[in-house]
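Only one structure is covered here, and it is reproduced in the block below.
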Amino acid sequence: MRTIELNKRQQTILQIVKDHGPITGEHIADRLHLTRATLRPDLAILTMAGYLDARPRVGYFYTGKTGSQLLTEKIKKIQVHEFSSIPVVVPESSTVYEAICTMFLEDVGTLFIVNKNSHLVGVVSRKDLLRASMGKQELNAIPINIIMTRMPNITYCFKEDHLLDVAHILIQKQIDGLPVVKKAPNDEGYEVVGRITKTNITKAFVELARDEMII
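So in UniProt numbering, spot 138 of the sequence shown is number 138, and the numbers just go up one at a time.
Encoded structure:
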């Protein structure tokens with residue numbers, strides 16, 4: 001749905017409901033000298049957008065919310081799984097050199113380290129790998145588990161978490177992304193099922209702003 005402004009008739013309907021609500025669709029149609037069928041699409045748009053609410057045998061009433069308030073409410077309801085992307089994981093047996101190659105080829109800013117059971121055990125960022133590569137060290141000889149941030153010092157999230165809460169975490173901790181995890185069988189750690197980054201969050205907010213109908 002493209003971004004639009006409410007048309008004149010939709011604005012008039014809103015004003016009628018504000019002044020006379022709750023009011024039935026038939027009474028709104030009578031005031032506008034139109035048929036109920038003609039108004040049905042406008043009432044559906046206003047109801048789905050959140051400007052109006054409807055109750056059986058009562059009619060339509062104005063929610064009292066502005067376009068910006070409705071947009072804020074929708075942002076607060078977005079969950080992580082709606083915009084998470086595929087995680088890039090490497091085994092903890094990898095070397096720093098292998099991790100650098102993976103990060104370059106996958107074009108990501110964070111790698112998630114897993115053990116032989118595919119459980120999350122560590123995280124490395126671009127900064128970690130850059131720091132490790134400085135000097136004359138042999139990168140093929142440095143295990144990734146030496147430089148990674150280990151559990152339980154890893155910040156993670158679940159797919160049911162709200163995206164806005166994750167955005168606050170990223171800002172507060174000044175990190176680029178989080179692993180999205182689920183509990184492993186028998187509660188033996190966490191499995192990585194996705195990743196959420198600042199780019200994911202920016203995409204979510206841009207898409208929501210583009211798709212919403214606001215005044």
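All C-beta atoms, glycine included, are put in the ideal place defined by N, C-alpha and C.
In this structure, the CA atom of I196 is about 44 Å from the CA atom of G25. L163 has no beta-bridge partner at all, per DSSP.
Straight across, the Cα-Cα distance linking S118 with I169 is about 25 Å. In summary, M134 is exposed, with fewer than 16 beta-carbon neighbours lying within 10 Å of its beta-carbon over all protein chains present. Secondary structure of G50 (DSSP, three-state): coil.
Counting only runs of at least 4 residues, the segment 136–212 fully encloses the following alpha helix (DSSP H) elements, listed from N- to C-terminal order: 144–147, 163–173, 198–211.
Note that the C-beta distance between N145 and G109 is not below 8 Å. Boundaries of the alpha helix (DSSP H) around V96: 96–106.
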